[in-house]
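Visitor: Protein chains in written order, with this note's numbering: chain C, 3 to 319; chain P, 115 to 384; chain A, 196 to 604; chain E, 8 to 417; chain D, 456 to 729. One structure coming up, written as structure tokens, with questions to follow.
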Amino acid sequence: MFADIFINPWVDMVEAPDFLMQVLWEGLVSGILYALIALGFVLIFRSSRIFNFAQGIMVVFAALTLVGLFAMGIPAWISVGLTLVVMFVLAVTIERVVLRPLVGQPDIILFMATIGITLFLIGFGETIFGGENKVMITEELGIPTGDTVLEPFGGLLILQHLDITVVVVATLLVLALLAFLNYTQMGRAIRALGDDHQAALSVGISLQTIWVLVWFIAGIIALVTGIAWGARAGVSFALEVIAYKALPVLMLGGLESITGAIVGGLMIGILEKLFEIYWGQPLLGGNTETWFAFVLALIVLLFRPQGLFGERIIERV
Amino acid sequence: MKDTEGYVTADGRQIGGTLMEMKNITLRFGGVVAIQDISFDIREGEVRAIIGPNGAGKSSMLNVISGFYTPSEGEVWYKGQKRPPMKPFEVARQGVARTFQNIALFEGMTVLDNVMTGRLTHMTAGVASQALWWGKARNEEMENREKVERVIDFLEIQNIRKTPVGRLPYGLKKRVELARALAAEPSLLLLDEPMAGMNVEEKEDMSRFVLDVNDEFGTTICLIEHDMGVVMDLSDRVVVMDYGKKIGDGTPEEVRNNQDVIDAYLGVPH
Amino acid sequence: MLYRTAGQFKTSYVADQALFPVRQDAFLLGILLVFGWVIFPLTASEFTFQTLLIPILIYALAAMGLNILTGFAGQLSLGTGAFMGVGAYACYKMVTIFPELNPIVAILLSGFFSAGIGVVFGIPSLRIKGFYLAIATLAAQFFLVWLFEKWAWLYNYNASGAIQVPNLEMFGIFVSGPQAASVTEYYIVLFVVTLLTILCINLTRGNLGRTWKATRDMDIAAELIGINLMKSKLTAFAISSYIVGVAGALYVFMWKGAAEPNVFDIPLSFQVLFIAIIGGLGSIMGNYLGAILIVGLPVVLNVIAGTQVFQMSALSAFILIALVAAIGFLSWVARSGWAIGAVIGFAVLTLIYGYAQTQGFRIDSALIEHINVMIIGGLIIFFLIIEPHGLNQLWRLIREKLIIWPFPH
Amino acid sequence: AESLYTPNLAYRTGPFAATGIPLMNGQADYMTLLNERDGGIGGVAIDFEECETGYSTEKGVECYEKTKGKAIVTQPWSTGITLQVLPKTNVDEIPILAPGYGFSPMADGKVFQWAFNVPSGYWDAADMIVQYLEQDGSLDGKKIAFLHLDHPYGKEPLPLLEKLAAEKGFELLPIPVGLKEMQNQSAQWLQIRRERPDNVVMWGWGAMNAGAITEAVKTKYPMENFIGVWWAGHDADLKLVGEEGAGYKSISWSFPNPEAPVMQEIKEMVFDAGLSQSNEEEMQGVFYGRGIVMSMILAEAIRGAQENFGTAEIDATQLRWGLENLNITEERLEELGMAGMVPPFSTSCANHTGHSGGWMLEWDGSKFVKVSDLLTPNVDGYSDLIASAAADYATANAPWAMNEECSATN
Amino acid sequence: MLDAARTDETLLEVNNIEVIYNHVILVLKGVSLTVKKGGITALLGGNGAGKTTTLKAISNLLHSERGEVTKGSILYQGERVQDLDPAALVKRGVIQVMEGRHCFAHLTVEENLLTGAYTRKDGKAAIEQDLEMVYSYFPRLKERRKSQAGYTSGGEQQMTAIGRALMSRPETVLLDEPSMGLAPQLVEQIFEIVKSVNENEGVSFLLAEQNTNVALRYAHQGYILESGRVVMDGPAAELRENPDVKEFYLGMSDDGRKSFRDVRSYRRRKRWLA
Ligand SMILES: Nc1ncnc2c1ncn2[C@@H]1O[C@H](COP(=O)(O)OP(=O)(O)OP(=O)(O)O)[C@@H](O)[C@H]1O
Ligand SMILES: Nc1ncnc2c1ncn2[C@@H]1O[C@H](COP(=O)(O)OP(=O)(O)OP(=O)(O)O)[C@@H](O)[C@H]1O
Ligand SMILES: [Mg+2]
Ligand SMILES: [Mg+2]
């Protein structure tokens, strides 16, 4: 028993380094994918303290819109453009119908409202697009498919071109967001808004504009995420559950932090894969990925209640 | 250095021995030194004021006394004993009650419930008794309710008893906060700017409350206030802080004429 | 003037602490109790028992448990489903290990297991707050459901991995399992729910309730006035999980009859959270209102969708009256043009749909379901906007208005 | 009644809708055909109403309660819902028709007098898959991974597979896929890569299948060693990977035959008349065809009952007789214009499954083709298992009404 | 005192407004007032009189507290502004400093100040210059510029909030209780700053204050609010001399100021309205 827990896994890792590398790579890619969803959350949370549960369904919605438009015979890139328009309209609608009347309400109420949005979008999306699984238009968008096979240590390491693309795109997206938040007037306003709605209003920061903007950016991120996930597993409403995976990522990284989303995503992606492969499957009957991330996040939070990169919780009287 | 005898105030009240003593307190937050090597004592029955410019560390000092901050260095002596590191709620249970600079009432509860929370430390009924609303829980509730009603009466907030505090104007909230602290029947009452945001008339009322508490219940009071009129009139002794250091300590008269204090805080002799 | 409080003076604290200081409230409650204990059981059909009465009570109970934790003590929990699961599995194990155990006792005991687990997962709340705390409850949620799946002992090594409620007797009557009559199950549920509701009301209006509320409203201040936060939070976790666990046991034993692990997964937690929030955080009665809305509405919508609206003139008249009432009510209470518009829009759509039905138009069940989901999502938003503090607050507002009626202020 | 009410607890929404829709369409279209062409069965129209469950057990039970008053049959459409309504139907006396799913021991008609999982159950499927694998030589010492949904459905065949593993000497490696991990199976496939099993057998549903198939392609697992149960043989899932999926197999008790006369009739009288929710592509697929077979089984049972009892308006008990006395022969299939779409089978009072057997289908890159002769399960090998599991169930649910008149032989 | 700075041009006009919170709580029962361009107008009154509510009604911040203006009108430079959103109002030059130091806790002091310039389009240099100006008014802020505002003391937060408002180069500032919780020196200093901004930059102020004494010394015009109604108004100098004001707001009786210790009986507040 002792050996199974503390020794054998390490031996396994050393004995098959190519396999370990594959595990790490898969972990990295899933981590990036989790982080992508988490990014959308973070942005919205930052600007409004809204814990946007609808991010997951926005991913599905964006991907379905894209595929649906393409199926109507519209060229791929024009479909992307039109999807962005749809996401913008969605942002405006959400701001107008849901957020504006709820300004200043407690966090949990807004959280609940986003669950309402989620349900609405599920019903609405299924009405329009139907429940069938759809194929993401990967090739039409010029996203490389196929793979590169490396042979480190005489073993086998398969790198999907799609995954490499995702990693690159995600990195660029994060850098852009970081620059936007920290070095622009708008970015500062977004952060201010997160601290105190009333005060932000009083200095002339327009909630409406910023919220629409932020939700639109979250929509763009959702589209990127949707393409990435859809290319791997097809596009259907079942994708919605991956939103849950973003929650521990967020908490681990810190709800307000872009860097946190990425670091948290990578940590969780890689560690949960390692745990599942080397401990979970042999010892616990597998499928530990359903909870590992949450427990990991919980343990980290016990030491840093605001997550790794979250804003320190200011407690004063 | 301890004279347990106490002293007699200008208006003839007898002040007792040392109730609380702060010895060489230093408090740091990362690089910021909020309090630097401050010592002073609070005697039984007196009204002790802490004054000083904004950011001097007054509230921090109050937080040290009530256990919210643990001093980086120094000791706190209470009722003749050195206080070990303890949680704020344990400090409160030793008879230290307080109000807050930025009102900290329980916004979702009514005034009555808020004041009742002040009596929590005096109530001990078990969960079962409470769930059945029978026996000890019920009796306790009634007894304490009566005490609370007396405080409510004293502070003249009867008519808003059942109002949720979220709806109250600022001044009344301050009064409710005082009521909550009083309900605990503390031996030491800490007031952080109890009269901020009030007009003269209301300050007069509040002053009366403070003095009456001190008179009637013999409660020791330590207060922070920026209104010099109030401080000079109400307090028996005053500590003056500036940039975390103590720059003066003494009767209002002495402090008023202390050149350091004038330079740092008062501006012109008052 | 209907709701006059004038002339009802309190002369003692005891009277003032009474549960229903206003006579009209006590009267209303009496009516509700008569309906619950006598009229419904006598008149309800099997379908009503199984899809409305029993689930509404059980969900209301679960929401009440959650409300203790989230609404009163301010600790957000997204793990209700799993704690219900703990109650259900505990009850299942108890009745299979001790077949002689009285089912009601077993149900009431099973809550203690979830209370224990609840406290364990509540410990992080001492350090972790707000949404971050949700992670602790989510960890419980996912871990426990995984455990229900993996730990075969829990489901007695059934091939299907599901727990199946055996037929249990009490005084010669089947009270659970397929042989039990719905009305028996209903009475048991009603009994347990009534009992726990009374206990909850007492707890929340007393000392513990104040401790919780203080912790919720401002934990730092609470600690500084002498509240032991650890005790306050952990009792909230324990009592909340107890109630939730009992609700879970009822859920499986008195309603579903069987359950597989993923029944207790996060959608259930959300369902209960909806009820608690729509009903009103920090209220007891709200849970019932919320359950009626969230559980009852889809059923009613489905029934309406399946009936030929215009052939049933009574129903269409009812819709019209409800429409007028709703508009009048909203303009009176909420003064929100937005809300009134939404109601009119909804009613118009219903009427169009009804008309279309008479013309032979039938939409398929999937579309109805999609629309239902949309409507429920929309309603959640709608109610949050009308009154973020829930149906209970809405009711209070109506009361306040009734008290001053016919004067506007 | 002017119609026979045979509600279907369908799911066209939720995470499993993708696989549910073609099946529901097939079922509904066949009944529509009967109504349009023959005015129903025996002169009474069939009211094939759908009650939407979204694959949620809770909604399923609600649907059951809502429909059970008038219904002569209930079609619960998910193993979870089946398990839940199974004890209720025994009290309410309504037959459950669960073609190709549900609880395998339901084959024991003596115990489960109201439940039918015709024409083949999950244990049949597992047995046939093992038989097929054996065709290439003994399984002794081989390793077979069992990739399954971590859900009652996915665990259904485990008892039988374990038994077969012991008998035939292969190593069984169960690999669960969580409901939330359906689309993210890289850990499972890494495990498969590490363990290098000779075969992977999949019990997947909904989004899990597409996830597994794409992941298998990605990790370059040899497709020809990958076999799914009949619910894991959906054309749309394979179209995701197209050519790269060639070689993937799925056992099936049905086979689409777009040329069959019945298909032509549906096309003309239902689809072209705008009475169908399906589309041309879907109608070519395995699942749509299977839906048609399912409705055919129900229709045949109704017809049999009508003839036996001499009344067109049969009730639930009479339908149970019909379901217990199905006899679908080659000739009958020919008459129905459905030759080759399902193997012939018959049921009896004691045998509620029929154990029709099935074919191994293989994805050739664009569609499924038959690659085996008719395989028939070796039911004798596990009739004990069926009987004991059924008996356990009855004990656990005592008092449990049984059909004592049946002799226990299958 | 400063009557010279007064003009007769009306900048802001509030006509008979009524405000209801939460659909039922009537707080303002018909308040009217005018703010003259270039003047300092004080809004006085006890706790809960409705000062904050009046200011929020003007700056349109009531909405998020579930309050609404149900009657009356608010005109800024002759235009109805009730239906504008707060941001639009800031663009027109009306900015509010809220009661209770609403700072952005996680932003540094300097970032807080910079958010004040959010609506400005006149370039970095000008903003930089104004930042220096604010620092020259409040040197303490310069020392703490890099700390997160949440960790600064109450007084520092108050200065940050006022400085932030000035950063928007406003035309009119609505100041809610600027003196609350400030050291006496600082109170004078802040009013001096108000005065100099008013005189040098021509900014008009509407300030709600409890500290009647100071307020009336610096204001040109005053309004006294009680229970949601204006009970008295007039030039500040006149109000200062009014015996009622003297007694109830300035704490002076005929024989001068009394010690707080000597007020042996509770004052019964005189009600202008029953
Ligand atoms: N938790 C904390 N973390 C970091 N710095 C702190 C913290 N608490 C207080 N400080 C700093 O300590 C100093 C003293 O603060 P304190 O609140 O005690 O001042 P004060 O004397 O009460 O001032 P005021 O009269 O304005 O309320 C301030 O500079 C403040 O920024
Ligand atoms: N959000 C709210 N909901 C309900 N009532 C409110 C709300 N805000 C204020 N009130 C009520 O409105 C009245 C006026 O409050 P307001 O804050 O405007 O007074 P004020 O004159 O600014 O007092 P103070 O000097 O204490 O700040 C008070 O009686 C208060 O109870
Ligand atoms: Mg302070
Ligand atoms: Mg105010």
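Backbone N, C-alpha and C define an ideal beta-carbon position, used for all residues, glycine too.
Assign Gly161 of chain E to one of three DSSP states: helix, strand, or coil.
Guide: Residue 161 of chain E sits at position 154 when you count from the first residue of the fourth sequence. Helix.
Visitor: Please check if any C-beta of chain P sits within less than 8 Å of the C-beta of Tyr678 of chain D.
Guide: Here the question's residue 678 of chain D lines up with position 223 in the fifth sequence. Chain P contact via Cβ: absent.
Visitor: Per DSSP, Lys164 of chain C is paired with what?
Guide: The sequence position of residue 164 of chain C within the first sequence is 162, counting from 1. The sequence given here places Leu at residue 164 of chain C; Lys does not occur at that position. Looking at the DSSP assignment, Leu164 of chain C forms no beta bridge with any residue, so it has no partner.
Visitor: Going by beta-carbon coordinates alone, are Ile470 of chain A and Gly491 of chain A separated by less than 8 Å?
Guide: Numbered from 1 along the third sequence, position 275 holds the residue referred to as residue 470 of chain A. Numbered from 1 along the third sequence, position 296 holds the residue referred to as residue 491 of chain A. Cβ atoms of Ile470 of chain A and Gly491 of chain A: not closer than 8 Å.
Visitor: At which residues does the alpha helix (DSSP H) containing Thr430 of chain A begin and terminate?
Guide: Within the third sequence, the letter at position 235 stands for residue 430 of chain A. First-last of the alpha helix (DSSP H) with Thr430 of chain A: Leu424 to Leu445.
Visitor: When the distance is taken between beta carbons, is Met230 of chain E closer than 8 Å to Tyr255 of chain E?
Guide: To locate residue 255 of chain E, count along the fourth sequence from 1; it is residue 248. To locate residue 230 of chain E, count along the fourth sequence from 1; it is residue 223. With respect to the 8 Å criterion, Tyr255 of chain E and Met230 of chain E are classified as neighbours on the basis of their beta carbons.
Visitor: So the candidates are E:His155, E:Leu326 and E:Asp380; which of them puts its Cα closest to the Cα of Tyr12 of chain E?
Guide: Stepping through the fourth sequence from its first residue, residue 12 of chain E is reached at position 5. The candidate whose alpha carbon is nearest that of Tyr12 of chain E is E:Leu326.
Visitor: Going by beta-carbon coordinates alone, are Ile63 of chain C and Leu26 of chain C separated by less than 8 Å?
Guide: By 1-based counting over the first sequence, the position of residue 63 of chain C is 61. By 1-based counting over the first sequence, the position of residue 26 of chain C is 24. According to the sequence provided, residue 63 of chain C is Phe. The question's Ile does not apply to it. No, they are not a contact pair.
Visitor: Does the CB of His173 of chain A have a neighbour CB from chain E at under 8 Å?
Guide: Outside the displayed range of chain A (196 to 604) lies residue 173 of chain A, so it cannot be described from this structure.
Visitor: Give me the chain C residues within the contact set of Val568 of chain A, using Cβ-Cβ distance strictly less than 8 Å, ordered along the chain.
Guide: Position 373 of the third sequence, counted from the first residue, corresponds to residue 568 of chain A. Chain C residues near Val568 of chain A: Leu121, Phe122, Ile124, Gly125 and Glu128.
Visitor: Under a CB-based cut-off of 8 Å, is His241 of chain E close to chain F?
Guide: Included in the structure are the protein chains C, P, A, E and D, with no chain F among them.
Visitor: Output yes if chain C places a C-beta closer than 8 Å to the C-beta of Tyr352 of chain A; else output no.
Guide: Looking up residue 352 of chain A in the third sequence gives position 157. Chain C, which has no Cβ nearer than 8 Å to the Cβ of Tyr352 of chain A, makes this no.
Visitor: Where the beta carbon is closer than 7 Å to any heavy atom of ligand 3, which residues qualify, in chain order?
Guide: P:Lys172, P:Ser173, P:Gln215, P:Asp306, P:Glu307, P:Ile338, D:Ser608 and D:Gly609
Visitor: Identify every run of the beta strand (DSSP E) within the stretch 471-542 of chain D, keeping only runs that are complete inside it and at least 3 residues long; order them along the chain.
Guide: 480-491, 495-500 and 522-531
Visitor: Check each residue of the stretch 627-638 of chain D: if its Cβ is closer than 7 Å to any Cβ of chain C, include it; give the result in chain order.
Guide: none
Visitor: Is any heavy atom in ligand 2 found nearer than 7 Å to the beta carbon of Lys247 of chain C?
Guide: Position 245 of the first sequence, counted from the first residue, corresponds to residue 247 of chain C. No, since every heavy atom of ligand 2 falls outside the 7 Å radius drawn around the Cβ of Lys247 of chain C.
Visitor: What distance in whole Å lies between the Cβ atoms of Leu466 of chain D and Lys491 of chain D, which are believed to be in contact at a cut-off of 8 Å?
Guide: Position 36 of the fifth sequence, counted from the first residue, corresponds to residue 491 of chain D. Position 11 of the fifth sequence, counted from the first residue, corresponds to residue 466 of chain D. Indeed they touch by this definition, with Cβ atoms about 6 Å apart.
Visitor: Give me the Cα-Cα distance between Asp244 of chain E and Leu38 of chain C, rounded to the nearest whole angstrom.
Guide: Here residue 244 of chain E is taken as the residue at index 237 of the fourth sequence, counted from 1. Here residue 38 of chain C is taken as the residue at index 36 of the first sequence, counted from 1. The alpha-carbon atoms of Asp244 of chain E and Leu38 of chain C are separated by roughly 25 Å.
Visitor: Going by alpha carbons, who is nearest to Ala15 of chain E out of E:Ala25, E:Gly21, E:Glu9 and E:Leu30?
Guide: The residue labelled residue 15 of chain E in the question sits at position 8 within the fourth sequence. It is Asn, not Ala, that sits at residue 15 of chain E in the sequence shown. Taking only the C-alpha atoms, the option nearest Asn15 of chain E is E:Leu30.
Visitor: By how many angstroms is the C-alpha of Asp155 of chain P removed from the C-alpha of Arg726 of chain D?
Guide: What you label residue 726 of chain D is simply residue 271 of the fifth sequence in a count that begins at 1. What you label residue 155 of chain P is simply residue 41 of the second sequence in a count that begins at 1. Unreliable placement is indicated for Arg726 of chain D, whose pLDDT of 39 sits below 50; the coordinate value is still reported in the next sentence. Going by the C-alpha atoms only, they are around 44 Å apart.
Visitor: Mind checking if Thr86 of chain E is an interface residue toward chain C, Cβ cutoff 8 Å exclusive?
Guide: Within the fourth sequence, the letter at position 79 stands for residue 86 of chain E. No, because no Cβ of chain C sits closer than 8 Å to the Cβ of Thr86 of chain E.
Visitor: So, under 8 Å CB-CB, Met23 of chain C and Pro154 of chain C are touching, yes? Tell me the CB distance rounded to an integer number of Å.
Guide: Mapped onto the first sequence, residue 23 of chain C falls at position 21. Mapped onto the first sequence, residue 154 of chain C falls at position 152. Yes, they are in contact, since the Cβ atoms of Met23 of chain C and Pro154 of chain C sit about 6 Å apart, within 8 Å.
Visitor: Within 8 Å, do at least three Cβ pairs link the stretch 168-184 of chain P to the stretch 195-210 of chain P?
Guide: yes
Visitor: Using a Cβ-Cβ cut-off of 8 Å, state whether Ile495 of chain D counts as contacting chain P.
Guide: In the fifth sequence, the residue the question calls residue 495 of chain D occupies position 40. No, because no Cβ of chain P sits closer than 8 Å to the Cβ of Ile495 of chain D.
Visitor: So which residues of chain D does Ile110 of chain C contact, with C-beta pairs closer than 8 Å?
Guide: As a working mapping, residue 110 of chain C is identified with position 108 in the first sequence. None at all; the shortest Cβ gap to chain D is about 17 Å.
Visitor: Scan the stretch 176-241 of chain C and note each continuous alpha helix (DSSP H) run of 4 residues or more that stays entirely inside, going in chain order.
Guide: 187-197, 199-204 and 209-235
Visitor: Please determine, among A:Ser371, A:Val340 and A:Ile516, the residue with the shortest C-alpha to C-alpha distance to Ile299 of chain A.
Guide: Here residue 299 of chain A refers to the residue found at position 104 when the third sequence is read from its first residue. It is A:Ser371 whose Cα lies nearest to the Cα of Ile299 of chain A.
Visitor: Give the residues of chain C in contact with Lys187 of chain E, contact being defined as C-beta atoms less than 7 Å apart.
Guide: Position 180 of the fourth sequence, counted from the first residue, corresponds to residue 187 of chain E. Those within 7 Å of Lys187 of chain E in chain C are Val243, Tyr246 and Thr292.
Visitor: In whole angstroms, give me the CA-to-CA distance for Thr399 of chain A and Leu269 of chain P.
Guide: Locating residue 399 of chain A in the third sequence gives position 204, where the first residue counts as 1. Locating residue 269 of chain P in the second sequence gives position 155, where the first residue counts as 1. Using only the alpha carbons, I get a separation of about 27 Å.
Visitor: Excluding five sequence neighbours on each side, which residues of the same chain lie with their C-beta closer than 7 Å to the C-beta of Thr416 of chain E?
Guide: Here residue 416 of chain E is taken as the residue at index 409 of the fourth sequence, counted from 1. Caution applies to Thr416 of chain E, whose pLDDT of 48 falls short of 50 and renders its modelled position unreliable; the value that the coordinates give is listed next. Hits under 7 Å: Ala357.
Visitor: What's the call for Ala729 of chain D, buried or exposed, on a 16-neighbour Cβ count within 10 Å?
Guide: By one-based count along the fifth sequence, residue 729 of chain D stands at place 274. With a pLDDT of 31 at Ala729 of chain D, under the threshold of 50, the modelled position of that residue is not reliable, and the figure given next carries that caveat. Ala729 of chain D comes out exposed.
Visitor: I want to verify the contact list: residues of chain C whose CB lies under 7 Å from the CB of Tyr573 of chain D, in sequence order.
Guide: Residue 573 of chain D sits at position 118 when you count from the first residue of the fifth sequence. The contacting residues are Gln187, Ala191, Val205, Gly206 and Ile207.
Visitor: Ser111 of chain E and Ile393 of chain E - do their beta-carbons sit closer together than 8 Å?
Guide: Position 386 of the fourth sequence, counted from the first residue, corresponds to residue 393 of chain E. Position 104 of the fourth sequence, counted from the first residue, corresponds to residue 111 of chain E. Result yes, Cβ atoms of Ile393 of chain E and Ser111 of chain E sit closer than 8 Å.
Visitor: Pick from D:Asp688, D:Phe646 and D:Thr525: whose alpha carbon is nearest that of Val479 of chain D?
Guide: For this step, residue 479 of chain D is matched to residue 24 along the fifth sequence. The shortest C-alpha separation from Val479 of chain D is found at D:Thr525.
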